[in-house]
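Residue numbers (my numbering), protein chains in the order written: chain A, 1 to 311; chain B, 312 to 622.
Every residue, glycine too, gets a C-beta built ideally from N, C-alpha and C.
As the structure is a computational prediction, the values presented were derived from the model and not from experiment.
Shown next, in structure tokens, is the structure this report addresses.
2 protein chains.
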Amino acid sequence: MADLEAFFHEDSFPETCTESENKAKEFVKYHEDTGIPVALVTSGGTKVPLEGNTVRYIDNFSIGTRGAVSAEFFLQHGYAVIFLYRCRSLEPFTRHLQNLHLLDILEVNSNEHDRNSSVVVKSDYCPQVLNVLKTYQDVKKKRQLLMLEFNTLGEYLYLLKACSIALSPLGNRALLYLAAAVSDFYIPKDKMPEHKIQSSDGPLQLSLEVVPKMLTPLVMEWVPNAFVISFKLETDPSLLISKSKQALDRYHHQVVIGNLLDTRKREVVSVTKDQENWIRLTDKELSLGVEIESKIVSEIVQKHRTFCSHD
Amino acid sequence: MADLEAFFHEDSFPETCTESENKAKEFVKYHEDTGIPVALVTSGGTKVPLEGNTVRYIDNFSIGTRGAVSAEFFLQHGYAVIFLYRCRSLEPFTRHLQNLHLLDILEVNSNEHDRNSSVVVKSDYCPQVLNVLKTYQDVKKKRQLLMLEFNTLGEYLYLLKACSIALSPLGNRALLYLAAAVSDFYIPKDKMPEHKIQSSDGPLQLSLEVVPKMLTPLVMEWVPNAFVISFKLETDPSLLISKSKQALDRYHHQVVIGNLLDTRKREVVSVTKDQENWIRLTDKELSLGVEIESKIVSEIVQKHRTFCSHD
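What follows is the structure in structure tokens.
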């Protein structure tokens, strides 16, 4: 924990971070009155700079599918959602249009009765766009969704702390769904070269330190009464359950969702103090395009209700 | 060079790479007849995997502004452009709408005379969208632009080689503008751990090898008669010119554009065998939103014409 504080002090944060912090406070304040539960969904990978004047960084594979899809299902279940996501990773709603090239779906509509031409979505794409647009506008009207961006590991940790503290007045109505793929390693500022590493110097030796775990202060201090779900991604199946249990034992939060890189879109395991529950899609569900996040979120919402009723 | 061949053999490439290779061949074949010059513009960073089942990779800061903007100016100068870009980095034309949230600029237009509702761009955004859309449609109609995506360093090198060889029949009409920020270091497959590196094992030691330089075979073998421009990005001003000259001496291509991380949007230096020419934006140009790529591309097009006329 002392480590994590040192991490906050050694980094400097862009102004957008404090703007985002204020938006989170306002959003939570608004939903203190609506009475609906509020989920913080984190999503996407984190960048870890390798140089002071950063040209290179370590990143991870995440484009944020898990987080973006889950956010939509939390909204469907009536939650307000703070979506804390890595800049340029997938976003709820727009992700459905991701495979379309914006300029290919638009056309100029020159109206003979009107001197101004307008731009319309080509009729072929209308049903798809219309569907997403209506849901998005509905969510926006209800002020159900707040989107906050981060880039680096430092910005992520700063905003995670800020959002957690903002959520704490909601007590057990707050839910944290930590789906972002946070880097485990970083190079401390004082050990970073100032300038771009030169390839003419030959092979590169990098020494990275372990990122301090933020789940301890998050659960113990920042938002002690919330319902907290973390994620464990592994590539080795033999480690999945043991690593998930280890995380629960260490941080004393409520759920770990374990998943393997290769199979993460069709099965995950939900691990709590008392049970391990595999959540799977059948072949038929897969072929119909059912998203496993619909089942994960349903299970989490159910567990959150039980958690609130026992409190 | 032997190194680079080994690199190609040790990597495996997705099917999309051969599809892209075929598209490049067709595109060049089409433009052999149109007679216009063809530019290959590379753009964005390259991912370098750190693990066999990749969770982590080394990346660099580039979002591909230089490449995307330059591609537009080459099109304006009448070039056909193969835009070889990192997946999810900036694209020509759509980049102008990047700051807009797609679902915020659209609205449902329910027509009382028509049972089907349509989706239109809100009138506030129409002029901006219309402008980009018309240019894009014009370029598309003339088959002036081919966009090809890559992700990893391996995919980039594969496609760079494929596109270069495809362009070689055009002789000096082909121009290569290598603005992608290619990683200098990588971990060879046989030295990569199979599974995700565990943070519980403590600090991480990484040993990266220098990526074989592809400019030597590119200039000497793949596309020997083309006009080739490479980029040199540094953070230390004292190294910029010497590094740029070194590159020219080593690879025997035509131009190095040198730029510093901090000032790259307002000044670059164009280095050739005979001269160094600083290209700068005045404060007034900066405030008017002039993009430095307009000047870089003008200069390059001029040099390319001279190059062709001397051949």
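{"Check": "Backbone CA spacing between Lys122 (chain A) and Lys595 (chain B) [nearest angstrom]", "Outcome": "40 Å"}
{"Check": "Within-8 Å CB hit, Leu97 (chain A) to chain B", "Outcome": "yes"}
{"Check": "Tyr57 (chain A) - DSSP class collapsed to helix/strand/coil", "Outcome": "strand"}
{"Check": "Asn259 (chain A) - partner residues in DSSP beta bridges", "Outcome": "A:Leu233"}
{"Check": "Proximal residues of chain A, C-beta to C-beta of Ile369 (chain B) below 8 Å", "Outcome": "Leu50, Arg56, Tyr57, Ile58 and Asp59"}
{"Check": "C-beta neighbour in chain A for Ser510 (chain B), strict 8 Å", "Outcome": "yes"}
{"Check": "Given Leu75 (chain A) as reference, the closest of A:Ala24, A:Ser118, A:Glu155 and A:Leu146 once Cα atoms are compared", "Outcome": "A:Leu146"}
{"Check": "Short CB-CB distance (under 8 Å) between Gly465 (chain B) and chain A", "Outcome": "no"}
{"Check": "Three-state secondary structure assigned by DSSP to Ala379 (chain B)", "Outcome": "helix"}
{"Check": "Tyr341 (chain B) classed as buried or exposed, judged by whether at least 16 other C-beta atoms fall within 10 angstroms", "Outcome": "exposed"}
{"Check": "Leu526 (chain B) to Leu351 (chain B) span [Cα, whole Å]", "Outcome": "14 Å"}
{"Check": "Reduced DSSP secondary structure (H/G/I, E/B, other) of Ser511 (chain B)", "Outcome": "helix"}
{"Check": "Span separating the alpha-carbon of Val567 (chain B) from that of Gly356 (chain B)", "Outcome": "18 Å"}
{"Check": "Pair within 8 Å by beta-carbon distance, Asn225 (chain A) and Gly171 (chain A)", "Outcome": "yes"}
{"Check": "Chain-ordered neighbours of Val580 (chain B) on chain A, where CB pairs are closer than 7 Å", "Outcome": "Those do not exist, as Val580 (chain B) stays about 17 Å from chain A at its closest Cβ, beyond 7 Å."}
{"Check": "Leu486 (chain B) to Cys17 (chain A) span [Cα, whole Å]", "Outcome": "43 Å"}
{"Check": "Where Gly513 (chain B) meets chain A, residues with beta-carbon distance less than 8 Å", "Outcome": "Val210"}
{"Check": "Residue from A:Glu291, A:His310, A:Thr272 and A:Ser287 with nearest C-alpha to Ile360 (chain A)", "Outcome": "Here chain A has residues from 1 to 311 only, and residue 360 (chain A) is not among them."}
{"Check": "Beta-carbon gap between Ile279 (chain A) and Val297 (chain A) smaller than 8 Å", "Outcome": "no"}
{"Check": "Alpha-carbon to alpha-carbon, Glu337 (chain B) and Phe227 (chain A)", "Outcome": "56 Å"}
{"Check": "Spatial neighbours of Ser70 (chain A) in its chain, beta-carbon cut-off 7 Å, leaving aside the 5 residues before and after", "Outcome": "Val41, Tyr177, Ala179, Glu293, Ile296 and Val297"}
{"Check": "Separation of Ala335 (chain B) from Asp236 (chain A), as counted between CA atoms", "Outcome": "39 Å"}
{"Check": "Contacting positions in the region 77 to 104 of chain A - beta carbon closer than 8 Å to chain B", "Outcome": "Arg88, Phe93, Thr94, Leu97, His101, Leu102 and Leu103"}
{"Check": "His316 (chain A) at chain B interface by Cβ criterion, 8 Å", "Outcome": "A question about residue 316 (chain A) goes unanswered here, because the residues of chain A that appear run from 1 up to 311."}
{"Check": "Test item: CB-CB of Val312 (chain A) and Asp184 (chain A) under 8 Å", "Outcome": "With chain A covering only 1 through 311, there is no way to say anything about residue 312 (chain A)."}
{"Check": "Inter-stretch contact (C-beta, 8 Å, three-pair minimum) for the region 508 to 521 of chain B and the region 458 to 477 of chain B", "Outcome": "no"}
{"Check": "Cβ distance (whole Å) where Ala391 (chain B) is taken to contact Val349 (chain B) below 8 Å", "Outcome": "5 Å"}
{"Check": "Alpha-carbon to alpha-carbon, Lys554 (chain B) and Arg373 (chain B)", "Outcome": "Note that residue 373 (chain B) is Ser in the sequence shown here, rather than Arg. Roughly 20 Å separates the two Cα atoms."}
{"Check": "Cβ of Asp124 (chain A) within 8 Å of any chain B Cβ", "Outcome": "no"}
{"Check": "Closest residue to Leu281 (chain A) among A:Lys191, A:Ser168 and A:Thr263 (Cα-Cα distance)", "Outcome": "A:Thr263"}
{"Check": "Between the CA atoms of Leu550 (chain B) and Leu570 (chain B) - distance to the nearest angstrom", "Outcome": "According to the sequence shown, residue 570 (chain B) is Asn rather than Leu. Roughly 10 Å separates the two Cα atoms."}
{"Check": "Contact list for Asp138 (chain A) against chain B, beta-carbon separation under 9 Å", "Outcome": "Near Asp138 (chain A) there are no residues of chain B at all, since even the closest Cβ is about 11 Å away, more than 9 Å."}
{"Check": "Backbone CA spacing between Lys451 (chain B) and Phe404 (chain B) [nearest angstrom]", "Outcome": "12 Å"}
{"Check": "Residue range of the unbroken alpha helix (DSSP H) whose run includes Ile36 (chain A)", "Outcome": "No alpha helix (DSSP H) contains Ile36 (chain A), which DSSP labels as neither H nor E."}
{"Check": "Selection from A:Lys142, A:Ser117, A:Arg143 and A:Val132 that minimises the alpha carbon distance to Asn442 (chain B)", "Outcome": "A:Ser117"}
{"Check": "Unbroken alpha helix (DSSP H) run spanning Ser244 (chain A), endpoints", "Outcome": "Leu240 to Tyr251"}
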